[in-house]
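Following: one structure in structure tokens, then a few remarks.
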Amino acid sequence: MIELKSAAEIAKMAVTGQFVGELLAELRDAAAVGVNLMDLEHQARRRIKERGAESCYWDYAPSFGRGPFRNVLCLSVNDAVLHGLPHKYVLRDGDLLSLDMAVGIDGWVTDSAVSVVVGTPDPADLTLIETTEIALEAGIAAAKPGGKLGDISAAIGKVANDAGYSVNLEFGGHGLGRTMHEAPHIPNNGRSGRGMKLEPGLTIAIEPWFCKSTDKIKFDKDGWTIRSADGSRTAHSEHTVAVTETGPQVLTRRPAEKPTTTRTKQPATS
Numbered sequence: 062m063i064e065l066k067s068a069a070e071i072a073k074m075a076v077t078g079q080f081v082g083e084l085l086a087e088l089r090d091a092a093a094v095g096v097n098l099m100d101l102e103h104q105a106r107r108r109i110k111e112r113g114a115e116s117c118y119w120d121y122a123p124s125f126g127r128g129p130f131r132n133v134l135c136l137s138v139n140d141a142v143l144h145g146l147p148h149k150y151v152l153r154d155g156d157l158l159s160l161d162m163a164v165g166i167d168g169w170v171t172d173s174a175v176s177v178v179v180g181t182p183d184p185a186d187l188t189l190i191e192t193t194e195i196a197l198e199a200g201i202a203a204a205k206p207g208g209k210l211g212d213i214s215a216a217i218g219k220v221a222n223d224a225g226y227s228v229n230l231e232f233g234g235h236g237l238g239r240t241m242h243e244a245p246h247i248p249n250n251g252r253s254g255r256g257m258k259l260e261p262g263l264t265i266a267i268e269p270w271f272c273k274s275t276d277k278i279k280f281d282k283d284g285w286t287i288r289s290a291d292g293s294r295t296a297h298s299e300h301t302v303a304v305t306e307t308g309p310q311v312l313t314r315r316p317a318e319k320p321t322t323t324r325t326k327q328p329a330t331s
């Protein structure tokens with residue numbers, strides 16, 4: 062069942078979205094060569110607790126995965142693209158990191174993801190990340206009242222295909238609001254003019270993710286981390302969007318969007 066949200070309810074989601082956007086930007090900027098993934102995880106836990114928010118990932122136990130997820134972030138490095146399990150890994154020069162988080166505040170949830178290269182970037186990695194971001198904006202632009210769900214999928218898929226990337230359809234965007242995953246499912250490729258009608262009040266997570274040279278995936282032994290089947294680099298971008306009478310409203314915009322390359326961690330000085 063799809064629940065359309067009122068303007069007041071979307072405003073409450075926007076409060077959550079602002080926090081998610083700000084925290085994701087903070088974590089993105091904290092990611093640097095020499096930083097341990099668990100440092101980012103604990104930074105996020107601290108900020109979520111301080112805000113009185115609730116992680117949607119903690120204790121999440123879907124049909125896939127091995128046991129409940131006991132972290133507040135998905136941190137996926139290089140060939141990992143989705144559901145990366147935070148662990149004691151120190152970021153290296155040139156690593157491509159995707160950060161994904163979903164949080165609830167006062168019962169209203171938003172979800173967002175960003176990818177970044179730490180240290181010295183490979184131009185191909187920057188192109189891959191940029192393509193997910195362009196595809197995300199194309200999907201957002203297609204989320205217009207009166208349109209069809211397939212318009213969003215088709216817009217994302219066209220960007221990917223034009224850039225030479227194939228698209229996996231097993232995981233994609235989704236509805237959300239009171240919970241992290243609601244109907245409908247939003248594939249990252251499809252046909253325009255098909256699917257359900259987009260009505261004001263629909264709240265969705267649009268999340269293009271691509272692998273550099275394949276559309277096949279594999280799971281790590283941890284049961285969570287999803288990687289490209291051929292070991293090629295991956296990237297993931299996501300925003301929570303509300304369909305309104307006047308067009309799409311992005312609820313998780315990050316402040317002062319910065320380039321997709323981050324600095325190298327500086328040594329402490331005495």
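So the sequence shown is numbered by the working numbering: it starts at 62 and just counts up by one. Even for Gly, the Cβ is constructed at its ideal location relative to N, Cα and C.
Reference residue i, options the options, closest by Cα
i	options	result
Lys219	Leu187, Arg239, His246 and Ser253	Ser253
Leu263	Trp270, Asn250, His246 and Arg255	His246
Ala185	Gly225, Leu88 and Gly238	Gly225
Asp156	Glu198, Thr295 and Pro309	Thr295
His148	Trp285, His300 and Thr305	Trp285
Leu143	Asp154, Asn132 and Asp161	Asp161
Ala163	Leu134, Asn97 and Leu187	Leu134
Thr188	Ala317, Val311, Gly165 and Asp223	Asp223
His235	Ala202, Lys258, His300 and Lys277	His300
Ala266	Phe232, Gly256 and Leu88	Phe232
Thr240	Ala69, Ser116 and Gly95	Ser116
Thr307	Ala199, Ala68 and Arg107	Ala68
Arg106	Arg131, Asp90, Ile190 and Val175	Arg131
Asp281	Glu83, Ile63, Gly113 and Ser137	Ser137
Ala290	Asp283, Cys272, Leu259 and Thr171	Cys272
Glu102	Ile63, Gly251 and Trp119	Trp119
Ser293	Asp154, Lys279 and Ala122	Lys279
Ala72	Met257, Thr171, Arg89 and Pro129	Thr171
Gly126	Ile217, Asp283 and Val311	Asp283
Which residues DSSP lists as bridging residue i, in chain order
i	result
Glu260	BP columns for Glu260 are empty, so no partner.
Phe280	Ile287
Ala296	Phe271
Phe130	Tyr121
Ser159	Ser137 and Ser176
Val151	Asn97
Supposed contact pair residue j and residue i - C-beta distance, whole angstroms, cut 8 Å
i	j	result
Pro206	Pro248	The Cβ separation is near 21 Å, so there is no contact.
Arg314	Leu85	That belief does not hold up - the Cβ atoms of Arg314 and Leu85 are roughly 10 Å apart, past 8 Å.
Ala92	Leu152	6 Å
Ile166	Pro309	Not quite, the Cβ-Cβ distance comes to about 22 Å (not below 8 Å), so this is no contact.
Ala204	Val302	5 Å
Leu146	Val179	About 19 Å; that fails the 8 Å criterion.
Gly238	Met74	6 Å
Three-state secondary structure (DSSP) of residue i
i	result
Ala68	helix
Ile166	strand
Glu115	strand
Glu27	For the chain, the structure presents residues 62 to 331; residue 27 sits outside this window and is missing.
Thr171	strand
Thr188	helix
Val304	strand
Val228	coil
Pro320	Residue placement at Pro320 is flagged as unreliable, the pLDDT there being 43, under the threshold of 50; the coordinate-derived value follows with that caveat. If DSSP states are grouped into helix, strand and coil, Pro320 belongs with coil.
Lys326	Caution applies to Lys326, whose pLDDT of 45 falls short of 50 and renders its modelled position unreliable; the value that the coordinates give is listed next. Residue state, collapsed to three classes: coil.
Thr181	coil
Ile254	The amino acid at residue 254 is misidentified as Ile; the sequence shows Gly. In this structure, Gly254 counts as coil in the three-state DSSP scheme.
Residue i - containing alpha helix (DSSP H), residue span
i	result
Glu268	Run containing Glu268: none; DSSP gives neither H nor E here.
Met99	Leu98 to Arg112
Thr313	No alpha helix (DSSP H) holds Thr313; DSSP gives it neither H nor E.
Terminal residues of the beta strand (DSSP E) in which residue i lies
i	result
Val220	Element bounds for Val220: not the beta strand (DSSP E) but the alpha helix (DSSP H), Leu210 to Asp223.
Leu143	Ala141 to Leu143
His235	Gly234 to Gly236
heavy atom of the ligand COA below 6 Å from residue i C-beta
i	result
Pro182	Absence of the ligand COA from the depicted structure is noted, as is the absence of any ligand whatsoever, leaving it without description.
Cβ of residue i within 7 Å of any chain B Cβ
i	result
Ile278	Judged by its chain identifiers, the structure shown contains no chain B, having just a single protein chain.
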